[in-house]
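Take 103 as the starting number for the sequence shown in my numbering and just add one per residue.
Data first, discussion second: the structure below is written as structure tokens.
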Amino acid sequence: MVLFVDETECVDFFIVAGLLVDSKDIINFIYKKFKNKLKGMKLSDKAKQQIYLEFKAVLLDKHYQKIKSKMIQELNNIDYSIIYSCYIKKDKTFNQRQKEEQYIYLLKNIILSIDEDIHIIFDTFNKNDFELNIINNISKCNNVLSIKSEDSRKEPGLQFVDNICSAIRLYKRNVNVDFYMMLKNHIDEV
Numbered sequence: 103m104v105l106f107v108d109e110t111e112c113v114d115f116f117i118v119a120g121l122l123v124d125s126k127d128i129i130n131f132i133y134k135k136f137k138n139k140l141k142g143m144k145l146s147d148k149a150k151q152q153i154y155l156e157f158k159a160v161l162l163d164k165h166y167q168k169i170k171s172k173m174i175q176e177l178n179n180i181d182y183s184i185i186y187s188c189y190i191k192k193d194k195t196f197n198q199r200q201k202e203e204q205y206i207y208l209l210k211n212i213i214l215s216i217d218e219d220i221h222i223i224f225d226t227f228n229k230n231d232f233e234l235n236i237i238n239n240i241s242k243c244n245n246v247l248s249i250k251s252e253d254s255r256k257e258p259g260l261q262f263v264d265n266i267c268s269a270i271r272l273y274k275r276n277v278n279v280d281f282y283m284m285l286k287n288h289i290d291e292v
């Protein structure tokens, strides 16, 4: 099993989510199918360059909701689970140290809820000390076979989980529930 991990935050919440699938191969397969379904869409060359580089939720949520819907529909064609954990911000301050501590804590919550052995791929932070801290802490969990960071532009599973994170954040903030409703049968909060 492979767990793709990403995080998101807003004024009220800090959320870490994991997309659990059987293998990287299945994610790569549905990613390819998803991209093929976009071939008929009318997009400017500039939009294609921007979107196709990485299917980021920040772009899809605002301007390309049909693309995000197609992405989720393709995901719904396989067996998967979404497990997320949420920190409710109590104060206005949420500094980098707190964020790093909460990220590891929330990720451990997710991992402890999984009964199978897993390989973890998390979105890179480009902050070596933090990434090493994540790897050192999380690799101690009994069911973690491996853990590494990857660039989301090169790892389709991270693009899926990025969009999942935003769907959860939008739902929790009562901004947009549509994407969450498409995923809800696969979501567990821990």
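Where is the CB? At the ideal position from N, CA and C, for every residue including glycine.
### Task
May I have the straight-line CA-CA distance separating E252 from Q198, to the nearest angstrom?
Position 150 of the sequence shown, counted from the start, is the residue given in the question as residue 252. Position 96 of the sequence shown, counted from the start, is the residue given in the question as residue 198. Going by the C-alpha atoms only, they are around 20 angstroms apart.
### Query
If you compare alpha carbons, which of G120, M103, N265, L247 is closest to V292?
Counted from its first residue, the sequence shown places residue 292 at position 190. Among G120, M103, N265, L247, the Cα nearest to that of V292 is on G120.
### Query
Considering only the beta carbon of each residue, do V104 and V118 sit closer than 7 angstroms?
Residue numbering aside, residue 104 sits at position 2 when the sequence shown is read from its first letter. Residue numbering aside, residue 118 sits at position 16 when the sequence shown is read from its first letter. No.
### Query
Which stretch, first to last residue, makes up the alpha helix (DSSP H) that contains S268?
Counted from its first residue, the sequence shown places residue 268 at position 166. Element bounds for S268: 258-274.
### Query
For V113, which option in L208, Y189, N130 has the closest C-alpha, if you only look at C-alpha atoms?
Locating residue 113 in the sequence shown gives position 11, where the first residue counts as 1. Checking every option, the nearest Cα to that of V113 belongs to Y189.
### Message
Would D330 and V263 be called neighbours here (beta carbons separated by less than 7 angstroms)?
### Response
With the chain represented from 103 up to 292, any question about residue 330 goes unanswered, as that position is not in the structure.
### Query
Taking the DSSP output, what are the residues bridged to D108?
Along the sequence shown, one-based indexing puts residue 108 at 6. Paired residues: A119.
### Query
Helix, strand or coil: how does DSSP classify F196 here?
Residue mapping note: residue 196 aligns to position 94 of the sequence shown, counting from 1. F196 falls in the coil class under three-state DSSP.
### Task
Could you spell out where the alpha helix (DSSP H) holding D290 opens and where it closes?
If you number the sequence shown from 1, residue 290 lands on position 188. Counting along the chain, D290 falls outside any alpha helix (DSSP H), though it belongs to the beta strand (DSSP E) covering 289-291.
### Query
Can you pull the DSSP bridge partners for K250?
Stepping through the sequence shown from its first residue, residue 250 is reached at position 148. I223.
#### Entry: Nearest candidate by alpha-carbon position, reference L140, set Q167, D127, L214
Locating residue 140 in the sequence shown gives position 38, where the first residue counts as 1. Among Q167, D127, L214, the Cα nearest to that of L140 is on Q167.
#### Entry: Sufficient close CB pairs (3 or more, under 8 angstroms) joining the stretch 157-164 to the stretch 223-238
no
### Ordered list of alpha helix (DSSP H) runs contained in the stretch 143-199, each at least 4 residues
For the alpha helix (DSSP H) assignment, the uninterrupted runs of no fewer than 4 residues enclosed by the stretch 143-199 are, from N- to C-terminal side, 147-155, 159-165, 167-177.
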